[in-house]
Amino acid sequence: MYYVERPAKTWSVICVVTYLAGMAYMGVGALPDDLGVWLGLGALFLLPLGGCLAVPLSKLVHHRIDLDARTLRVGRERLPLDTLDPGSVRAALTGTAPDPGRPARLVGGAWGVPLGMDGVVLATRGGEHLTIATRDRTAFLTALSRATAAAPHHHHL
Numbered sequence: 649m650y651y652v653e654r655p656a657k658t659w660s661v662i663c664v665v666t667y668l669a670g671m672a673y674m675g676v677g678a679l680p681d682d683l684g685v686w687l688g689l690g691a692l693f694l695l696p697l698g699g700c701l702a703v704p705l706s707k708l709v710h711h712r713i714d715l716d717a718r719t720l721r722v723g724r725e726r727l728p729l730d731t732l733d734p735g736s737v738r739a740a741l742t743g744t745a746p747d748p749g750r751p752a753r754l755v756g757g758a759w760g761v762p763l764g765m766d767g768v769v770l771a772t773r774g775g776e777h778l779t780i781a782t783r784d785r786t787a788f789l790t791a792l793s794r795a796t797a798a799a800p801h802h803h804h805l
């Protein structure tokens, strides 16, 4: 594996620990007499907890990156390295987009690049432009540049 990127889990841990601490605090005064009220409040507070965990879960599903010798996996998509234009990877590393006015498809299955992530625009050998969300632009593009330079080029029909 050349490169792996996963979203940070700090926010998720803070949310779950706060929820559990709050439930334990309420349980000390309420249990065993008010079990129903305690369970009801616990279920009610699951709604904001779910909201707090939705974005980190979405980032995990749609924006995780795995790069090996043959494939770039972003979220639910797999891109063979020999389909990516190595020149566009090198250009992105220097901060240049392949064609700034041209729309680029977001890879991974999400609707947009989340806050705290950077959208990197690359081109395929077929001319399609792709946006990949990353937390560490330089590390990702450096690893991808090495991998695409080493990947054998096969012609796809």
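Heads up, the sequence shown is in this note's numbering, so the first residue is 649 and it goes up one at a time. The C-beta atom is built at its ideal place from N, Cα and C for all residues, glycine as well. None of the values given here were measured: they were computed from a predicted structure.
Query raised in the report: Residues in its own chain within less than 6 Å of V755 by CB, not counting five upstream and five downstream?
Result: Locating residue 755 in the sequence shown gives position 107, counting from the first residue. Excluding sequence neighbours, V755 sits near V722, E725, L778, I780.
**Report entry** Contained alpha helix (DSSP H) runs [length at least 4] in the stretch 694 to 750, N- to C-terminal order
**Finding:** 734 to 741
Report task. Use the C-beta contact count for V665: other C-beta atoms within 10 angstroms, 16 or more gives buried, fewer gives exposed. Result -> Position 17 of the sequence shown holds residue 665. Classification of V665: exposed, given that the 10 Å Cβ count is below 16.
Requested in this report: Taking all protein chains shown into account, decide if P680 is buried (16 or more other Cβ within 10 angstroms of its Cβ) or exposed.
Outcome: Along the sequence shown, one-based indexing puts residue 680 at 32. Its Cβ having fewer than 16 others within 10 Å, P680 is exposed.
Query raised in the report: So what's Y650 in DSSP terms, helix, strand or just coil?
Result: In the sequence shown, counting from the first residue as 1, residue 650 sits at position 2. In the structure shown, Y650 sits in coil (DSSP, three-state: anything other than H, G, I, E or B).
Query - Which listed residue (L692, L763, L727) has its alpha carbon closest to that of T796 - result: Taking the first residue of the sequence shown as 1, we reach residue 796 at position 148. If we check each option's Cα against that of T796, L727 comes out closest.
**Report entry** T779 - containing beta strand (DSSP E), residue span
**Finding:** What you label residue 779 is simply residue 131 of the sequence shown in a count that begins at 1. Taken as a continuous stretch (DSSP letters only), the beta strand (DSSP E) holding T779 covers 777 to 782.
Requested in this report: Would you mind working out which of P704, D733, G688 sits nearest S660, comparing C-alpha positions?
Outcome: Locating residue 660 in the sequence shown gives position 12, where the first residue counts as 1. Per the Cα distances, P704.
Query raised in the report: With burial defined as no fewer than 16 other Cβ atoms inside 10 Å of the residue's Cβ, what is the status of K657: buried or exposed?
Result: If you number the sequence shown from 1, residue 657 lands on position 9. The residue is exposed, with fewer than 16 neighbouring Cβ atoms inside 10 Å.
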